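Chains as they are written, first to last, in our numbering: chain H, 227 to 541; chain B, 227 to 541.
Number of protein chains: 2
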Amino acid sequence: MPEIPVFSHDAVLSAVSPEEAIERVRHAFVEYASGEWTMPPKVYLDAYPAGDFRAMPAKGAGVAILKWVTSFPGNAGSGLPVVMGVICVSSASDGEPLALIDARAITALRTGAVSAVAAQELGPEDARSVGIVGCGFNGAWAARCLAAAEFGPGVCFDRDAEAAGLLAGELGWEAGSREDALACDVVTCVTPGHEPVVRAADLHPRMHLNMLGADGPGKAEADVEAVTQCRLFCDEWAQAAHGGELTGAVEAAAITRQQVTDLGAVLTGAAPGRAKAEEITLFDSTGLAIQDLALSIAVLEAHRAGTVKAQLVRL
Amino acid sequence: MPEIPVFSHDAVLSAVSPEEAIERVRHAFVEYASGEWTMPPKVYLDAYPAGDFRAMPAKGAGVAILKWVTSFPGNAGSGLPVVMGVICVSSASDGEPLALIDARAITALRTGAVSAVAAQELGPEDARSVGIVGCGFNGAWAARCLAAAEFGPGVCFDRDAEAAGLLAGELGWEAGSREDALACDVVTCVTPGHEPVVRAADLHPRMHLNMLGADGPGKAEADVEAVTQCRLFCDEWAQAAHGGELTGAVEAAAITRQQVTDLGAVLTGAAPGRAKAEEITLFDSTGLAIQDLALSIAVLEAHRAGTVKAQLVRL
């Protein structure tokens with residue numbers, strides 16, 4: 227077999243800017259909603275209580291990918307990342323391996339990018355201020371993507387005040403309390419989801435909420451009462467209803483499928499987005515393999531254009 | 227992230243001998259049947275009509291793997307392998323990536339190895355002669371594993387007489403007709419499964435059949451009449467009943483779950499194997515991720531022992 231390129235964490239982040247990630251992820255949702263790109267359901271391999279692995283396949287634009295990625299929340303204490311893994315990129319026409327890409331960098335960038343797309347599409351027209359609740363690796367990339375989409379300045383909150391301060395300093399934003407962050411126009415939550423960080427009393431008119439953290443059964447960043455007061459959007463119903471931010475409300479029979487709109491339907495014009503400036507919108511991001519596919523393609527194109535360095539290996 | 231080893235096709239085949247592969251795969255079936263190793267169902271990503279991709283996760287012995295592997299039958303004409311891909315190996319305790327391994331070599335070796343295990347366990351006690359029907363890459367490795375398990379000499383048959391002749395020459399066996407191959411004690415079929423190569427008239431007492439080729443809906447190497455005349459075994463019922471050699475007979479309601487025994491149950495003593503020397507046994511191998519896991523662990527151990535060279539990359 228010929229040599230194939232391997233792209234490290236740093237190579238990915240140097241190859242794809244937040245601005246480009248936003249456009250690529252927007253395109254992915256349109257292609258998926260149009261039926262051009264496909265994505266079987268992700269598969270979980272549990273390694274409880276420490277964590278789990280997810281296998282996430284997707285296909286589009288002549289490329290097929292599989293993301294093999296972890297969530298080991300306890301790693302935060304040991305210095306190892308919570309999210310680690312590899313994206314295998316193959317030709318969809320003959321199956322030939324094309325590249326291997328660090329999954330951690332792609333995950334952070336595509337999760338951050340979708341929060342900017344959702345804020346652009348679902349937030350009130352003149353939304354500017356950004357609240358970040360949870361300033362870990364993925365929270366920081368959400369903030370960078372929102373800044374790249376010309377949102378801000380913002381307020382960064384994290385239980386770890388140093389993490390909040392560092393991120394605020396990088397972007398010229400401020401560190402503040404949870405309440406300060408929640409008072410902003412666009413609030414992006416990226417916490418582990420073990421306990422709600424948004425309650426009904428925290429809601430205010432014109433707010434747009436991006437919920438990026440809760441990614442499995444039993445996890446939630448907003449309580450059911452808060453969820454039911456919002457106009458609801460998600461990346462994909464099947465994932466959001468069973469292992470996302472909306473799961474609690476679905477299980478409590480407080481919301482139905484009919485009340486939740488897919489982001490892709492809004493982007494293609496098949497469904498309306500925000501109806502009134504005053505209403506509160508909530509976007510549940512569970513993370514889709516089509517987003518990983520979009521950024522994997524971006525990395526391959528950057529490599530072909532000679533703007534990113536790769537290591538080479540032979541299978 | 228630290229550098230991780232990448233094992234090429236040639237490195238895998240130099241690291242794990244057929245003898246070792248047989249013992250490792252036998253162990254995998256015992257561990258899985260005992261509930262020690264786990265394996266969620268494999269996921270297909272279709273790229274029809276050219277082929278498909280499979281994502282195959284498994285966990286055991288502190289290791290979690292994901293095999294991302296193709297079946298593009300049309301590649302045979304273009305010189306590209308039908309089966310290609312990567313195995314991602316991670317620590318099951320913290321999710322850290324440990325290695326990347328060529329999937330093609332592992333697939334050939336573990337598929338060959340299980341045919342030797344099944345022949346040892348299910349064939350008549352004094353079985354010796356081997357018929358190989360289909361002498362492609364995977365057929366050749368099945369022959370090598372059967373030879374390593376001291377079966378043979380054998381008869382190699384392939385529509386491509388050169389492929390049959392090369393394999394026979396390598397092992398000191400003979401090339402012959404389909405009928406010659408089917409007259410042997412242990413018959414191993416590794417064809418694409420587009421049309422049956424074993425019909426009821428081909429069966430003879432004391433025969434053991436390994437059916438390795440049919441790996442998806444609509445494919446079969448034996449016709450339903452032949453299948454129903456055999457005592458039946460499989461690697462896993464769910465896969466064999468829906469995309470394996472037994473699927474046609476299940477769909478025709480010619481066999482039921484009760485008539486088919488899992489190989490792992492035979493290996494652990496939970497179920498009987500061959501009951502009479504005269505009967506005909508058929509083993510349907512659909513290919514399990516636990517087999518890939520077993521050989522991935524063998525490669526890691528060979529690397530730790532310094533007996534195989536790896537390339538190094540940083541994610």
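Even for Gly, the Cβ is constructed at its ideal location relative to N, Cα and C. Everything numeric in this text was worked out from a predicted model, so none of it was measured.
May I have a chain-ordered list of the beta strand (DSSP E) segments no shorter than 3 residues that lie completely inside the stretch 341-415 of chain B? 356-359, 380-383 and 412-415
Please decide whether H:Arg457 counts as near chain B, where near means a Cβ-Cβ distance under 9 angstroms. For this step, residue 457 of chain H is matched to residue 231 along the first sequence. Interface annotation, H:Arg457: not in contact with chain B, CB-CB separation never under 9 angstroms.
Could you please give the first and the last residue of the uninterrupted beta strand (DSSP E) stretch that includes H:Thr507? Here residue 507 of chain H refers to the residue found at position 281 when the first sequence is read from its first residue. That run of the beta strand (DSSP E) goes Thr507 to Asp510.
Run through chain A and tell me which residues come within less than 7 angstroms of B:Leu271, C-beta to C-beta. No chain A is part of this structure, whose protein chains are labelled H and B.
Where B:Leu392 and B:Ile313 are concerned, what is the direct C-alpha to C-alpha distance, given to the nearest angstrom? Within the second sequence, residue 392 of chain B is the residue found at index 166, counting from 1. Within the second sequence, residue 313 of chain B is the residue found at index 87, counting from 1. Taking the straight line from one Cα to the other gives about 29 angstroms.
To the nearest angstrom, how far is the alpha carbon of H:Ile327 from that of B:Ala448? By 1-based counting over the first sequence, the position of residue 327 of chain H is 101. By 1-based counting over the second sequence, the position of residue 448 of chain B is 222. Computed Cα separation, rounded: 41 angstroms.
Can you tell me whether H:Lys535 is buried or exposed, with buried defined as 16 or more other CB within 10 angstroms of its CB? On the first sequence, residue 535 of chain H is found 309 positions in, with the first residue counted as 1. Label assigned to H:Lys535: exposed.
Would the beta-carbon of B:Phe233 fall within 9 angstroms of that of B:Leu348? As a first step, residue 233 of chain B must be located in the second sequence, where it is residue number 7. As a first step, residue 348 of chain B must be located in the second sequence, where it is residue number 122. Not a contact, by the Cβ cut-off of 9 angstroms.
Can you tell me whether B:Glu246 is helix, strand or coil according to DSSP? Working through the second sequence from its first residue, we reach residue 246 of chain B at position 20. Correct three-state label for B:Glu246: helix.
Excluding the five sequence neighbours on either side, which residues of its own chain have a C-beta within less than 8 angstroms of the C-beta of H:Phe459, listed in chain order? Residue numbering aside, residue 459 of chain H sits at position 233 when the first sequence is read from its first letter. Cβ-Cβ distances below 8 angstroms link H:Phe459 to Ala344, Leu348, Val486, Thr487, Asp488, Leu489, Val492, Gly499, Thr507, Leu508, Phe509 and Asp510 in the same chain, with the five nearest sequence neighbours on each side left out; the list follows chain order.
My output table needs one value for H:His434: the three-state DSSP class, helix, strand or coil. Numbered from its first residue, the first sequence carries residue 434 of chain H at position 208. DSSP places H:His434 in strand when its eight states are reduced to three.
I'd like the list of long-range same chain contacts for B:Leu271, defined as Cβ closer than 8 angstroms, with 5 residues on each side in sequence excluded. By 1-based counting over the second sequence, the position of residue 271 of chain B is 45. Closer than 8 angstroms at Cβ, skipping near neighbours: Asp278, Phe279, Arg280 and Ala281.
I need the DSSP call for B:Gly311, collapsed to helix, strand or coil. For the purposes of this step, residue 311 of chain B is identified with residue 85 of the second sequence, where counting begins at 1. Correct three-state label for B:Gly311: strand.
Find the residues of chain H that neighbour B:Ala479, judging by a C-beta separation of less than 8 angstroms, and give them in chain order. Position 253 of the second sequence, counted from the start, is the residue given in the question as residue 479 of chain B. Around B:Ala479, no beta-carbon contact reaches into chain H at under 8 angstroms, the shortest distance being about 29 angstroms.
Near-chain H residues of the stretch 367-382 of chain B - C-beta to any C-beta below 8 angstroms: none
Hey, how far is the Cα of B:Pro323 from the Cα of B:Ala342? Here residue 323 of chain B is taken as the residue at index 97 of the second sequence, counted from 1. Here residue 342 of chain B is taken as the residue at index 116 of the second sequence, counted from 1. For B:Pro323 and B:Ala342, the gap between their C-alpha atoms comes out near 31 angstroms.
Coarse secondary structure for H:Thr296, derived from DSSP in three states: Here residue 296 of chain H corresponds to residue number 70 of the first sequence, with the count starting at 1. In the structure shown, H:Thr296 sits in a strand (DSSP, three-state: E or B).
Minimum Cβ-Cβ distance from B:Cys460 to chain H less than 9 angstroms: Position 234 of the second sequence, counted from the start, is the residue given in the question as residue 460 of chain B. No, because no Cβ of chain H sits closer than 9 angstroms to the Cβ of B:Cys460.
Could you tell me which chain B residues have their CB closer than 8 angstroms to the CB of H:Gln537, listed as they occur along the chain? The sequence position of residue 537 of chain H within the first sequence is 311, counting from 1. Correct list: Val539 and Arg540.
For B:Thr473, which of helix, strand or coil comes out of DSSP? Taking the second sequence and counting its residues from 1, the one referred to as residue 473 of chain B is at position 247. Helix, per DSSP.
Using the beta-carbon count (16 or more within 10 Å), is H:Leu514 buried or exposed? The count along the first sequence starts at 1 and reaches residue 514 of chain H at position 288. H:Leu514 is buried by the Cβ-count criterion.
Between which two residues does the alpha helix (DSSP H) harbouring B:Ala524 extend? Residue mapping note: residue 524 of chain B aligns to position 298 of the second sequence, counting from 1. Ala515 to Arg530 is the span of the alpha helix (DSSP H), which, as asked, contains B:Ala524.
Name the chain H residues that come within less than 9 angstroms of B:Leu326, Cβ to Cβ? Within the second sequence, residue 326 of chain B is the residue found at index 100, counting from 1. Within chain H, the residues placing a beta-carbon under 9 angstroms from that of B:Leu326 are Val232, Val312, Cys314, Leu326, Val539 and Leu541, ordered along the chain.
Of the residues B:Glu462, B:Glu245, B:Ala387 and B:Val450, which one's Cα is nearest the Cα of B:Val423? Numbered from its first residue, the second sequence carries residue 423 of chain B at position 197. With distances taken between Cα atoms, B:Val423 lies closest to B:Val450.
Per-residue burial, H:Asp386 [other beta carbons within 10 Å of its own, 16 or more giving buried]: Here residue 386 of chain H refers to the residue found at position 160 of the first sequence. Under this definition H:Asp386 is an exposed residue.
Mark B:Thr533 as exposed unless 16 or more other C-beta atoms lie within 10 angstroms of its C-beta, in which case mark it buried. Along the second sequence, one-based indexing puts residue 533 of chain B at 307. Label assigned to B:Thr533: exposed.
Should B:Ala528 be flagged as near chain H, meaning a C-beta pair shorter than 9 angstroms? Within the second sequence, the letter at position 302 stands for residue 528 of chain B. Not an interface residue.
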